[in-house]
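Trainee: Handing you this structure, nothing more for now.
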Amino acid sequence: MRFSTRGNAVVLLTVGTAVFSGCGYSTKRPFSTDIQSIHVEMFHSKEFRRELEFRLTEALVKRIQMDTPYRIAPRRTADALMTGEILSVENRTFGKDFDTNLPRETGSTIVVRFRLQDMRTGEILGQNRRLVFQTSYIPPVGETFDQGMTRGLEGLAEKMVEAIESDW
7 MRFSTRGNAV VLLTVGTAVF SGCGYSTKRP FSTDIQSIHV EMFHSKEFRR ELEFRLTEAL
67 VKRIQMDTPY RIAPRRTADA LMTGEILSVE NRTFGKDFDT NLPRETGSTI VVRFRLQDMR
127 TGEILGQNRR LVFQTSYIPP VGETFDQGMT RGLEGLAEKM VEAIESDW
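If you want it as C-alpha cells, here you go:
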C-alpha cells in the first residue's frame, strides 16, 4: 500500500484547521466595551393598563444592573439611551371550569418595541420593532393578572438585555 505525500498533507492541513480554528466560543464579554453607562427612559404605552410602562422600565433597569457591565446614568451623562413602547397586551383563556365557567388558565401576550442608541454618535446600537413575550397565570389557584404581568415583564426585560448583547 502506498500513500501520497500530497494526500497526507491535505489530511493534516484539514485536521489542523479543524483543531485550531476554534468552535465559535469566545472569552470576550458579550456586551460592547465602548458603552459604560445607559439611561433608560420611561417606556410609553398604547395600553390603558395601570402602571405597566413603569413596571417594565423598572424591570429593565434591574436586569441591566444585574446582567451587564453597564451602570444606569442620567440622560445628560449616559453613553447610550434605551427607549421603547408597549404596543399591546392581549389575554386569552385556555379553558373554562365546567362547574363555575371561570377560566382555568389565562395566557397573556406582551408586545414591545425598543431601541438602544449611542448618545455620542447617534448610531443605533440595537433595536427590535416587535418583541413578543408570552406568560400565563392560573386564576383557580389564586394567581392574578398582576402576578402574570410581573412574570411577563421580568421575562421581557431579560429578552431585551439579551437582544443588546454584541455578536460573538
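Residue numbers 7 to 174, in our numbering, belong to the letters of the sequence shown in order.
Glycine included, every Cβ here is placed at the ideal spot set by N, Cα and C.
None of these values were measured; they are calculated from a predicted model.
#1: Answer with buried or exposed for T150, where buried requires no fewer than 16 other C-beta atoms within 10 angstroms of its C-beta.
#2: Which partner residues does N134 have in the DSSP bridge list?
#3: Which of helix, strand or coil does DSSP assign to I70?
#4: Taking the DSSP output, what are the residues bridged to I170?
#5: Quick one: residues in its chain with C-beta nearer than 8 Å to the C-beta of L131, no 5 flanking neighbours on either side, listed in chain order?
#6: Using the beta-carbon count (16 or more within 10 Å), is R69 buried or exposed?
#7: Tell me, to the nearest whole angstrom, how far the beta carbon of R96 is from that of I144; I am working on the premise that it is less than 8 Å.
#8: Using the rule of at least 16 other Cβ atoms within 10 Å of the residue's Cβ for burial, across every protein chain shown, is V147 buried or exposed?
#9: With respect to the beta strand (DSSP E) encompassing F100, which residues constitute its N-terminal and C-terminal limits?
#10: Considering only residues of the same chain and omitting the five flanking positions on each side of Q71, which have a CB-CB separation below 7 Å?
#11: Please report how far the alpha carbon of I92 lies from the alpha carbon of T83, in whole angstroms.
#12: Can you name the start and end residues of the beta strand (DSSP E) that I44 belongs to?
Mentor: By the coordinates alone:
#1: exposed
#2: F120
#3: The answer is helix: DSSP assigns I70 an H, G or I state.
#4: In DSSP, I170 forms no bridge with anything.
#5: S38, I41, A86, L122, Q123, D124, I170
#6: buried
#7: The sequence given here places Glu at residue 96; Arg does not occur at that position. With a Cβ gap of about 18 Å, E96 and I144 do not count as contacting.
#8: exposed
#9: Counting along the chain, the beta strand (DSSP E) containing F100 begins and ends at 86-102.
#10: I78
#11: Roughly 26 Å separates the two Cα atoms.
#12: 43-46
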